[in-house]
Amino acid sequence: MMFNKWKLIFYFPKSERRGISYLLLLCTLLYLLRFALPSFIFEKPTDFSTLETEIIAFQHSIEIDQSASSPQNAGWELPKKQVFANPNYASKEQLIAIGLSAKIASTIINYRNTGAKFYRKIDLKKIYGLNDSTYRKIEPFVRIDIFPKKQQKVKNKKPDGKIPENILKPFLFDPNQASKDTLLQLGLQPKIAQTIINFRTKGGTFRIKSDFKKIFGLTEKNYLALYPFIQLPEQQSDVKIEEIQSTKAFPLTNNSYDDTKIDINKADIETWVKLPGIGYTYAGKIVQYRDKLGGFYSIDQIKTTYGVPDSVIDKNYSLFEISPIRRQIPINSIKAEELKNHPYITSRQAHIIVNYRTNHGPFSKLDDLKKIHALKTDFLNKISPYLLFE
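Heads up: the sequence shown is residues 2 to 391, going by this note's numbering.
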């Protein structure tokens with residue numbers, strides 16, 4: 002009786018039993034399909050690329066910490082967080098900041114001054130003294146961007162065909178001391194940077210902020226953007242040279258000059274100001290420029306003094322005498338940092354000369370320098386009177 006009662010409760014008609022069988026079969030197939038065809042399970046994959054990047058950076062930082070604390074790498078400095086450098090433009094200080102030694106940083110700059118470029122990070126392995134261990138440490142902090150300014154000029158051309166100005170990246174700088182690399186890092190165009198270097202080479206000096214505005218090619222917009230970062234006094238607090246010259250203590254000319262000839266390589270400022278048309282400003286510029294050169298080897302060289310009109314020199318031309326150059330360049334022993342201080346020699350030319358001398362031996366005559374294809378004949382003829390072959 003009890004069995005029949007339960008049978009009646011769980012009894013299903015034939016059609017319902019068939020439907021239950023189909024349902025069980027479908028569930029079984031779906032379960033097996035999960036294992037047989039996993040690619041049909043449309044789950045959105047998780048992107049672990051960011052996490053992987055962070056893991057790699059973390060591993061690098063652990064390696065750097067361990068290397069910096071080990072005795073054999075005691076001289077290697079741990080770079081600060083998020084300090085990056087482009088070896089094609091970075092200064093020596095920036096290269097040191099990412100963990101390179103001062104010596105290797107100088108080697109990179111010397112290599113760069115020869116005109117070479119780093120096209121990939123691995124190109125740094127060409128640098129003498131940079132071993133694999135050091136390369137692995139600094140590699141995360143290296144950024145390679147070969148010609149960012151040129152790429153910007155081509156990419157951002159205006160409809161009228163004019164090339165837009167470089168994007169400035171201002172920081173504090175002294176225009177009387179900044180190197181060409183520093184000026185380029187500010188965002189100035191290479192031509193403007195070279196104009197500033199040429200201005201200083203010829204004896205020019207920036208005394209107040211507004212003097213910087215006189216640089217040819219520098220737009221009003223760029224001048225105003227750089228103005229707060231120029232480490233020079235304001236015009237209001239500076240005494241103009243013209244005002245000094247107008248005082249009795251500094252007369253512009255002395256009409257009592259007795260027409261006695263002067264030696265342009267020996268005359269001091271007091272002697273120069275006795276000439277007609279030459280005051281303390283012109284005299285100071287001539288003497289300063291002459292001393293940087295080491296002396297004049299021709300009277301016409303005086304005309305290359307920045308800010309001194311040719312007419313003033315021509316007016317007194319017959320009163321000039323010339324003695325031998327007072328200081329020559331020991332070309333076989335001088336360092337590049339000293340050689341580039343000569344007004345006629347750029348930093349790049351100085352490093353090319355010194356690097357060639359290091360690789361090929363000392364120079365015995367001017368013809369040895371002419372073997373350096375990167376140096377033009379006009380340049381060598383210009384500096385030849387100053388060269389001393391020991």
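Heads up, the beta-carbon is just placed ideally off N, CA and C, and yes, glycines get one too. Remember, it's a predicted structure, so these values are computed and weren't measured experimentally.
Check: Decide if Ile99 is buried, meaning its Cβ has at least 16 other Cβ atoms within 10 Å, or exposed.; Outcome: buried
Check: According to DSSP, Leu388 sits in a beta bridge with which residue or residues?; Outcome: Ile330
Check: Do you know how far the Cα of Val355 is from the Cα of Ala375?; Outcome: 13 angstroms
Check: Determine the burial state of Ile21: buried for a count of at least 16 other Cβ atoms within 10 Å of its Cβ, exposed for fewer.; Outcome: exposed
Check: Would Lys286 pass as a contact of Val313 if the rule is Cβ separation under 7 angstroms?; Outcome: no
Check: Please confirm whether any heavy atom of the ligand FAD lies closer than 6 angstroms to the CB of Gly308.; Outcome: By its list of ligands, the structure shown contains no ligand whatsoever, and the ligand FAD lies outside what it can speak to.
Check: Might you give, ordered along the chain, the residues of its own chain that have their beta carbon closer than 6 angstroms to the beta carbon of Ile373, omitting 5 neighbours on each side?; Outcome: Tyr357
Check: Specify the secondary structure class of Phe200 as computed by DSSP and reduced to three states.; Outcome: helix
Check: Helix, strand or coil for Ala98? Go by DSSP, reduced to three states.; Outcome: helix
Check: Using the C-alpha atoms, what's the distance from Lys181 back to Leu381?; Outcome: 22 angstroms
Check: Can you give me the start and stop residues for the alpha helix (DSSP H) that Tyr133 sits inside?; Outcome: At residue 133 the sequence reads Asp, which differs from the Tyr that was named. 133–139 is the extent of the alpha helix (DSSP H) around Asp133.
Check: Can you give the Cα-Cα distance for Arg327 and Gly295, rounded to whole angstroms?; Outcome: 6 angstroms
Check: When you compare only the Cα positions, how much space is there between Leu125 and Ile105?; Outcome: 10 angstroms
Check: Pick helix, strand or coil for Glu271, following the three-state DSSP scheme.; Outcome: helix
Check: Can you tell me whether Arg19 is buried or exposed? The criterion is at least 16 other CB atoms within 10 Å of its CB, across all chains shown.; Outcome: exposed
Check: Whole angstroms is fine: what's the gap from Ser385's alpha carbon to Asp379's?; Outcome: 10 angstroms
Check: Under 8 angstroms: do the region 260–274 and the region 315–326 share three or more Cβ pairs, one atom per stretch?; Outcome: yes
Check: Near Asp175, which residues of its chain fall below 6 angstroms by C-beta distance, leaving aside the five closest residues on each side in sequence?; Outcome: Gln232
Check: Nearest CA to the CA of Lys192: which residue from Tyr23, Leu173, Lys214, Gly218?; Outcome: Gly218
Check: Specify the secondary structure class of Asp264 as computed by DSSP and reduced to three states.; Outcome: strand
Check: Helix, strand or coil: which one does DSSP assign to Ala91?; Outcome: coil
Check: Going by Cα to Cα distance, which pick from Lys214, Ile168, Glu339, His361 is closest to Leu185?; Outcome: Ile168
Check: Give the DSSP-derived three-state secondary structure of Ala226 in the structure shown.; Outcome: helix
Check: Would you mind sorting Pro88 into buried or exposed? The rule is 16 or more other CB atoms within 10 Å of its CB.; Outcome: buried
Check: Compute the beta-carbon to beta-carbon distance between Arg137 and Ala86, rounded to the nearest angstrom, for a pair I have assumed lies under 8 angstroms.; Outcome: About 16 angstroms separates the two Cβ atoms, so there is no contact after all.
Check: Step through the CB atoms of chain D and report whether any lies within less than 7 angstroms of the CB of Ala179.; Outcome: In the structure shown, chain D cannot be found, because there is only a single protein chain.
Check: Less than 7 angstroms between the beta carbons of Tyr129 and Thr108, yes or no?; Outcome: yes
Check: Report yes if the CB atom of Ile335 is closer than 7 angstroms to the CB atom of Phe321, and no otherwise.; Outcome: no
Check: Specify, as a first and last residue, the run of the alpha helix (DSSP H) that Arg208 falls within.; Outcome: Careful: Arg208 lies outside any alpha helix (DSSP H) and carries neither H nor E.
Check: The alpha helix (DSSP H) spanning Leu367 covers which residue range?; Outcome: 367–370
Check: Residues in the same chain with beta-carbon distance under 6 angstroms from Pro363, minus the five sequence neighbours each way, listed in chain order, please.; Outcome: Asn333
Check: Would Asn132 pass as a contact of His352 if the rule is Cβ separation under 7 angstroms?; Outcome: no
Check: What does the Cβ neighbour count give for Gly116, buried or exposed, with the cut at 16 atoms within 10 Å?; Outcome: exposed
Check: Rounding to the nearest angstrom, what Cα-Cα distance links Gln289 and Gln195 in this structure?; Outcome: 21 angstroms
Check: Ordered along the chain, which non-local residues of its own chain (more than five positions away) have a Cβ less than 7 angstroms from that of Phe230?; Outcome: Pro171, Phe172, Leu173, Phe174
Check: Does Ala117 come out as helix, strand or coil in the three-state DSSP assignment?; Outcome: coil
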